[in-house]
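Offset between the first sequence (1-based) and the numbering used here: plus 157. For reference, the structure discussed in these notes is given below.
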Amino acid sequence: MRIVTWNVNSIGARIDRVAAWLEVQRPDVIALQELKCTTQAFPSAPVEALGYRVEALGDGRWNGVALLSKSPMTEVVRHLPQQPPYEGNVEPRAIGATIDGVRVWSVYVPNGRELEHEHFAYKLQWLGCLKQTVAAEAATIPYAVIGDFNIAPTDDDVWDPAVFAGSTHVTPEERATLTALAEVGLREVVPRSLKGQPYTYWDYRQLAFQKGMGMRIDLIMANRAFHERVTDAWIDREERKGKGASDHAPVVVELS
DNA sequence: ATGCCCTATGATATAGGA
């Protein structure tokens, strides 16, 4: 079973590349983030033609998440239960479903913007709610929260830690929310190394991709039953190349 | 090779991204 997470930075702008990638890689399940469209506007036809079912959640210009699966999705949940709002809105940042006995959540964790910004407190609160969701579901079946966490787990996961001093994505507070997920049974599935460049995201600016100025922020957080079935995990950095690429690469995990 | 920011929006600027 092949499961993927990919921040596509607009499914409308990316649908041709996403469909082409799905045709080659043929994952069983793919979690998407940053749809940047409404639920109704999700371009389902091209992926349905490839045999995928679609469960999407979006409200327009920002955010948006989806799960695509070849097999039926059951127990679909939109938003984290008790997900905190931002400026009065519960944003489309999480969707969960069970597929062939594996439960998967696609999440787009708030960015945080700056450490002093209200959005940073929201990010930490949101991650606390994620932990509560995992605890409440108390899954014994293979279970994973996958997506754009907007957190680099260690200093090795950013191209130059000095550049990120005083910034979001690398603080002890943010990293502590990842390790705290171990208290509810989740630990990271770390993709196999790519010659010292483990990144999943590269800014569009300043030739960041070509210069290796990346971050590893797209993560697979999984329970023991999921880990026991993992045979491989890897980052498809080839998909970051060329015109019309997302600024994030797909992260793939293989289960027996 | 990997190639000099991208996306969606009451759009001709702006906010957000990380």
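No residue lacks a Cβ here, since even glycine has one placed at the ideal position from N, Cα and C.
Going by DSSP, D216 is part of no alpha helix (DSSP H) at all; its letter is neither H nor E. Residues A213, L214 and G215 of the same chain have their beta carbon placed closer than 7 Å to that of T196, with the five preceding and five following residues left out of the count. For S201, the enclosing alpha helix (DSSP H) stretches over residues S201 to E205. Rounded to whole angstroms, the gap between the alpha carbons of V211 and A223 is 7 Å.
Remark: C-beta atoms of A292 and V341 approach each other more closely than 7 Å. Contact annotation: W262 and V327 have beta-carbon atoms that are not nearer than 7 Å. Put simply, of T290, G353, G208 and K368 the residue whose alpha carbon is nearest the alpha carbon of V264 is T290.
Counting only unbroken stretches of 4 or more residues, the alpha helix (DSSP H) elements lying wholly within the segment 250-310 are 275-294, in sequence order. By the Cβ test, the segment 219-234 is in contact with the segment 249-261, since at least three Cβ pairs between them sit closer than 8 Å. Short of 7 Å from the beta carbon of G208, and not among the five residues preceding or following it, lie these beta carbons of its own chain, in chain order: K227. With the rule of 3 Cβ pairs closer than 8 Å, the segment 390-403 does not count as touching the segment 311-323.
The C-alpha of R183 is placed about 40 Å away from the C-alpha of H274.
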